[in-house]
Every structure is written in structure tokens, then in C-alpha cells.
Amino acid sequence: MVEKTKKIWFDGKFVDWDDATVHVLAHTLHYGVGAFEGIRCYKTTDGRTAVFRLKEHVDRLFDSVHILSLEIPFTREEVFDAIIETVKVNGLEQGYIRPIVFIGTGDMGLFVRTNPIHTVIAVWPWGAYLGDEGLARGIRAKVSSFNRHHVNAAMTKGKVNGYYVNSVLAKWEVVKAGYDEAILLDTEGYVSEASGENVFIVRDGVIKTTPLTSILPGITRDSVITIARELGYPVQEARFTRDELYIADEVFFTGTAAEITPVREVDDRVIGKGEPGPVTKAIQETFFRVVRGEEGKYQGWLAYVE
Ligand code: PPE
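Shown next as C-alpha cells:
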């Protein structure tokens, strides 16, 4: 169960958690046309709280909404400040931030004329997405029988509510089969992304990740590419097949919720030594130092809540 906090920012005003409700005829509830973000804030070593890459998340939210040809009735600065304020008002030291932009009530049917566009920000404490043990020791993944969206069926540069039916079906399928997370192939058969994460492989010291063509442009993915190159690892953005996962020395997932999660098995094949490898560990360690404000050169990625 989500751990409740006190207040939710709803169209510019704070309301009590339990009062942040919508009507059952809200358009997005029926058709999935809306956009959201997933953002984390961390307690830094100096005791303050910082939101990780907030500007990039706000920009992606505006991109998502623009792709849907909707408009957020607030400026980027207002949404940025509202997110900081929501973290502050709730006294959240560390956790998850979920902005959502959705279409409210008015017309039903697909063509919307007068329905209002709502903007909401909720925050709550959220630990390791795939479990503490998963983060430390690695998880077991399975390739789903569902493909990721074809580029002409969805526009995956947007983080769109309705797209997640595909992710949820894939996730349920593999969890019911006893695995931790689903990997989806694209419609040409190449690895695309996991249900809520981007995918990285390492072989002979070279890191490879799916190109951005038909995946969500993950902000953690971008952070990891930067960190990895800074640590001296070559990174290629190139598509790869499912068997490249099997013969990789290391596989890991990146995502705001999942952070850097090592993958120790794919489709019952042990990856490398069946434990987080040295490259994954080095990147993971650096990532957690960065989000805790311990790496001077990445201070620009932190928006402090003061
Ligand atoms: N691909 C997908 C499909 C995806 O949903 C996410 C984030 C990513 C890649 C990684 O993107 P980024 O967070 O910018 O590094 N998934 C969010 C939703 C998780 C949820 O269960 O809800 C997240 O991690 O917040």
C-alpha cells in the first residue's frame, strides 16, 4: 500500500491526501490520454533533501503533454516550484514524486473540446522498487510474450498513461510465472526496454544500451551513460538481440523507481557469475553517491528543497 503523506498539489492548491479525488467520468480514466512523471528525492549527506534531475523530469512532462497535443495550464517554472513545495509541505526527506496531467470531465467520446486539463503532484516514501535484495544481489528477468509498442502505434518519447497497459500486462505475465521483471522486445524483435526500466548490457568492458528510437528516453539512462563515460567505460547506443542478453557479462536496468538494479538471470540463463558485476557495481555506487550529493561535479543534477 502506498504510504500516505499529508497534502497533494491539485491545480495550484494543496488539498488533503484523502480529498484529492476525481469524477468517474474523467476522460483520462476512460481513454488513457494523459501524461505522468516519476521522480525521486533523496536525503543528501549534509541532511538536506534534493530532487534528482528535476528540470529534466519537468521538461519530459511538458514534452509528453505536447506530444499528446494538450497543454498544461502552468509554466515549467510553476510546475518545478510546485514539486519542490509539495516535497517540503509533506516533510518528505526521501521518496517518490508523481506528477500527472490528465483530462477531466466534460465531453465524453474521443474528441475533447471543453474538458479541463488537471495537473496534480503527489509524493510518498518509496523504497527499492524491485526490493532491497534485488538492488543488492540482482533480479531475475524474463522476456515477455508482449512486444513493446510499434513506433506507429505509440509515441514512446512521451510518458503516457495509456501506454502502461502494455507494461502492466508484461509485468503481470512474468511475475505470475515466478520472475521479478519483464523485458519487452520491439516489433522487429530487438530488446527495447523493461516494463518500467531501460536496459543495459556489458560485455568485455563495453556497455551497450538500446538507442532512443522507440523507447522512453530514461533520465536515469542518461545519467548512467554520463557516469559510465566519466568512469572510463565506453558506451554504445546500439540495438541488440535477446541472445546478447544471455551472453552478456552483466545486465542491469535503470529507472527512477528501480534506480540501478542488477539482473542476475534472464530467461533462466545465469548472467555472468549470477551476481552484480564490477561495472554494474561501480556505476551503482557512483549513482548513489551522486544522488546523496557526494559528487561535486554532479551537483547541477540536484534541486535542493530548502
Ligand atoms: N522505460 C519505461 C517504460 C519506464 O516506465 C521508465 C520509468 C523508464 C524506462 C526509465 O525512465 P527514467 O525513470 O526516466 O529513468 N518508469 C517509472 C514508473 C515506475 C512505476 O511503476 O510507476 C519510474 O521509474 O518512475
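Residue numbers for the sequence shown follow our numbering, so the first one is 30 and each next one is one higher. Just so it is clear, CB atoms sit at the ideal spot from N, CA and C, and this is done for glycine as well. Model, not experiment: these values are computed from the prediction.
Does any residue of chain B bring its CB to less than 8 Å from the CB of residue 234? Absent from the structure is chain B; it holds one protein chain and no more.
Taking the alpha helix (DSSP H) that residue 359 falls in, what are its first and last residues? Examination of residue 359 is not possible in this model, given that the chain is present from 30 through 335 alone.
In the DSSP assignment, what are the bridge partners of residue 330? Within the sequence shown, the letter at position 301 stands for residue 330. Paired residues: none, contrary to the question.
Between the alpha carbons of residue 228 and residue 283, how many angstroms are there, rounded? The residue you call residue 228 lines up with position 199 of the sequence shown. The residue you call residue 283 lines up with position 254 of the sequence shown. Taking the Cα positions, residue 228 is about 7 Å away from residue 283.
Length of the line joining the Cα atoms of residue 277 and residue 306: Here residue 277 corresponds to residue number 248 of the sequence shown, with the count starting at 1. Here residue 306 corresponds to residue number 277 of the sequence shown, with the count starting at 1. Roughly 11 Å between the two C-alpha positions.
How about the region 63 to 82 and the region 162 to 178: do they share at least three Cβ pairs that are nearer than 8 Å? Short answer: they don't touch.
Quick check: is any heavy atom of ligand 1 less than 7 Å from the C-beta of residue 196? Numbered from 1 along the sequence shown, position 167 holds the residue referred to as residue 196. Closer than 7 Å to some heavy atom of ligand 1: that describes the Cβ of residue 196.
Check residue 220 in the structure and name its three-state DSSP category. The residue given as residue 220 occupies position 191 in the sequence shown. In the structure shown, residue 220 sits in a strand (DSSP, three-state: E or B).
Which residues are close to ligand 1, meaning CB closer than 5 Å to any heavy atom, in chain order? 67, 222, 225, 227, 245, 247, 248, 249, 284, 285 and 286
Check whether the region 50 to 68 and the region 113 to 130 are in contact - that is, three or more C-beta pairs closer than 8 Å. yes
Looking at the unbroken alpha helix (DSSP H) that takes in residue 227, where does it start and where does it end? Translated into positions along the sequence shown, residue 227 becomes position 198. No alpha helix (DSSP H) contains residue 227, which is instead part of the beta strand (DSSP E) from 227 to 232.
Going straight from the alpha carbon of residue 192 to that of residue 240, what length do you get? Within the sequence shown, numbered from 1, the residue matching residue 192 stands at position 163. Within the sequence shown, numbered from 1, the residue matching residue 240 stands at position 211. Taking the straight line joining both Cα atoms gives about 19 Å.
Grab me the residues of residue 233's own chain with a C-beta within less than 8 Å of its C-beta, minus the 5 sequence neighbours each way, in chain order. Counted from its first residue, the sequence shown places residue 233 at position 204. Result list for residue 233: 278, in chain order.
Excluding the 5 residues preceding and the 5 following residue 39 in the sequence, name in chain order all residues of the same chain whose CB lies nearer than 6 Å to its CB. Residue 39 sits at position 10 when you count from the first residue of the sequence shown. Closer than 6 Å at Cβ, skipping near neighbours: 49 and 149.
At least 3 beta-carbon pairs within less than 8 Å: the region 183 to 202 vs the region 303 to 317: no
Candidates 217, 203 and 218: which alpha carbon is nearest residue 211's? The residue given as residue 211 occupies position 182 in the sequence shown. Here the closest residue by C-alpha is 203.
Is there contact here, the region 151 to 164 with the region 177 to 189, by at least three beta-carbon pairs under 8 Å? no
What residue from 46, 216, 59 and 84 has the CA that sits closest to residue 332's CA? In the sequence shown, the residue the question calls residue 332 occupies position 303. Ranking the options by Cα distance to residue 332, first place goes to 84.
Short of 6 Å in beta carbon distance, which residues of its chain neighbour residue 315, apart from the five on each side in sequence? Order them along the chain. Position 286 of the sequence shown holds residue 315. 256.
Go to residue 80, then tell me how far its alpha helix (DSSP H) extends in each direction, as first and last residue. As a working mapping, residue 80 is identified with position 51 in the sequence shown. For residue 80, no alpha helix (DSSP H) segment is defined; the enclosing uninterrupted segment is the beta strand (DSSP E) at 78 to 81.
Assuming the contact rule is C-beta atoms closer than 8 Å, residue 200 and residue 224 should be a hit. Round their C-beta distance to whole Å, please. On the sequence shown, position 171 is the one that residue 200 refers to. On the sequence shown, position 195 is the one that residue 224 refers to. Contact holds; Cβ gap of about 4 Å.
Kindly list the residues whose CB is nearer than 8 Å to the CB of residue 54, restricted to its own chain and excluding five residues on each side of it in sequence; keep chain order. Taking the sequence shown and counting its residues from 1, the one referred to as residue 54 is at position 25. Around residue 54: 134 and 137.
C-alpha distance - residue 320 paired with residue 79, whole-angstrom precision: Here residue 320 refers to the residue found at position 291 of the sequence shown. Here residue 79 refers to the residue found at position 50 of the sequence shown. Rounded to the nearest angstrom, the two C-alpha atoms are 8 Å apart.
Residue 75 in three-state terms, based on DSSP: Counting from 1 along the sequence shown, the entry for residue 75 is found at position 46. Three-state DSSP puts residue 75 in coil, outside helix and strand.
By Cβ distance below 8 Å, which residues in the same chain neighbour residue 144 in space, the five residues on each side in sequence not counted? Taking the sequence shown and counting its residues from 1, the one referred to as residue 144 is at position 115. Around residue 144: 56, 132, 133, 134, 135 and 136.
Please name the residue in 52, 324, 275 and 61 whose C-alpha comes closest to that of residue 139. On the sequence shown, residue 139 is found 110 positions in, with the first residue counted as 1. Considering only alpha carbons, the answer is 61.
What residue range is occupied by the uninterrupted alpha helix (DSSP H) comprising residue 302? Numbered from its first residue, the sequence shown carries residue 302 at position 273. Residue 302 -> no alpha helix (DSSP H), and no H or E assigned at all.
For the beta strand (DSSP E) that residue 153 lies in, which residues bound it at each end? Within the sequence shown, numbered from 1, the residue matching residue 153 stands at position 124. 146 to 153 is the span of the beta strand (DSSP E), which, as asked, contains residue 153.
Measuring straight from C-alpha to C-alpha, what distance separates residue 357 and residue 111? Past the boundaries of the shown model lies residue 357; the chain is included only from 30 to 335, so the question cannot be answered.
For residue 125, report the span of its beta strand (DSSP E) as first-last. Along the sequence shown, read from residue 1 onward, the residue named residue 125 stands at position 96. Residue 125 -> beta strand (DSSP E) spans 124 to 132.
At the level of alpha carbons, what is the spacing between residue 271 and residue 326? Here residue 271 is taken as the residue at index 242 of the sequence shown, counted from 1. Here residue 326 is taken as the residue at index 297 of the sequence shown, counted from 1. One C-alpha to the other measures close to 36 Å.
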